[in-house]
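Structure first, commentary second.
Numbering (my numbering), first residue to last: 553 to 932.
And the structure:
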């Protein structure tokens, strides 16, 4: 099977420019009417990780959301917009990042993602998943990720964005179940994407995030939109666009290992703008967080600190707000004696603390063998 993924240039978030670019990226796929039919309930799922302003590149830009709402409404869809953020209530985050204003101005409605429904997925990782009722009650889901680096998974884009369909504190539970097994967590994300099956994925790669994403990295201009009906195929193209090898992105790595369709560029028909014309001059990935020397488990355990990276508090930035301690899946963080402390023997290296920190006060500290491996591979 050949998947179709379309690309278009989009130099900024000026409304008219976004409108033109959205038409260019969707027209090769048949336009919005190829996905939305009159009377259908449409759920638009942007990235609303936290309530940061659009210039921080943490969330899907409101003008991208606005144009997708407009097109879905013109196609006759009844549109709702929602996500389950990492910090704060969905309404608070939507207001802070500018998406709620767009929802109100377009006459769409907001989906609070407040209730979960158990779904029998029939997949390999979890036979049963809990997904927001708002997602399951929609006739179609339009997935609107932001292209960002990710400390744990390498990259967050179409597949990872659907993790937001898991409501609230159920996310840390899944991190805890996966523990330090990134392959297991990546497979869960792939199975979740297959269970939700968004009709359309459109990536906001106008201003992306590089470095220590998804919440504390740096904005980087790419100037592109990417769209397709397979989130995995879209991610494959996004990775090629920014020059990240599949081995550096856990969902891509695992998808290739299990021969998941859409995980290889040769399975994809590229439409619209030439991929090479949109490649950024630079794109800085997140720091590597582990290295695999093929060691047996009985050696990996005692060498854990040297083989992996870990989050370390920067007390010059840390305000001791306690968000990280309250959201740490294995509950290994605490505030004592005016400092933030982490029990690294029990830390699962999920980097949820770094992802959620509003001040970027958790840095990535690589172990000795991991730093040596990066040096030998010319990465630093």
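All C-beta atoms, glycine included, are put in the ideal place defined by N, C-alpha and C. Bear in mind that the values here come from a model prediction, so they are computed numbers and not experimental data.
Exercise for review: Find out if the Cβ-Cβ distance for the pair residue 745, residue 710 is shorter than 9 Å.
Suggested key: yes
**Study point:** Whole-Å CB distance - residue 885 paired with residue 877, under 8 Å assumed
**Key:** 4 Å
Check your understanding: With which residues is residue 916 paired in a DSSP beta bridge?
Key -> 863
**Study point:** Three-state class that DSSP yields for residue 695 in the structure shown
**Key:** In this structure, residue 695 counts as strand in the three-state DSSP scheme.
Point to revise | Residues bridged to residue 810 (per DSSP) | key: Paired residue(s): none; residue 810 is not in a bridge.
Check your understanding: Closest to residue 695 by CA distance: which of 753, 679, 816, 664 is it?
Key -> 753
Exercise for review: Measure from the alpha carbon of residue 580 to the alpha carbon of each residue in 809, 825, 890, 655, then state which is nearest.
Suggested key: 825
Practice item. For the segment 643-654 and the segment 601-611, state whether three or more C-beta atom pairs, one from each stretch, are separated by less than 8 Å. Key: yes
Exercise for review: Answer yes or no: do residue 613 and residue 770 have a C-beta to C-beta separation smaller than 9 Å?
Suggested key: no
Check your understanding: So what does DSSP say about residue 596, is it helix, strand or coil?
Key -> strand
Review point. In its own chain, which residues sit with a C-beta less than 7 Å from the C-beta of residue 880, not counting the 5 before and 5 after it?
Key: 904, 905
Review point. Taking the runs of the alpha helix (DSSP H) that are 4 residues or longer, which of them lie wholly in the segment 637-666?
Key: As far as the segment 637-666 is concerned, its whole alpha helix (DSSP H) runs of at least 4 residues are 642-648, 651-658.
**Study point:** Euclidean distance between Cα positions of residue 704 and residue 917
**Key:** 13 Å
Check your understanding: Does the beta-carbon distance from residue 796 to residue 707 come in below 9 Å?
Key -> yes
Practice item. Please state whether DSSP places residue 706 in a helix, a strand or coil. Key: strand
Point to revise | Residue-chain proximity (residue 648, chain B), Cβ-Cβ < 9 Å | key: Protein chain content of the structure displayed is limited to a single chain, and chain B is not contained in it.
Point to revise | Per DSSP, the bridge partner or partners of residue 556 | key: 821
Review point. For residue 625, which residues from the same chain have a beta carbon less than 6 Å from its beta carbon, with the 5 sequence-adjacent residues on both sides left out?
Key: 631
**Study point:** Whole-angstrom distance between residue 902 and residue 732, CA atom to CA atom
**Key:** Those two C-alpha atoms are separated by around 7 Å.
Review point. Taking all protein chains shown into account, do 16 or more other C-beta atoms lie within 10 angstroms of the C-beta of residue 702, making it buried, or fewer, making it exposed?
Key: So residue 702 counts as buried.
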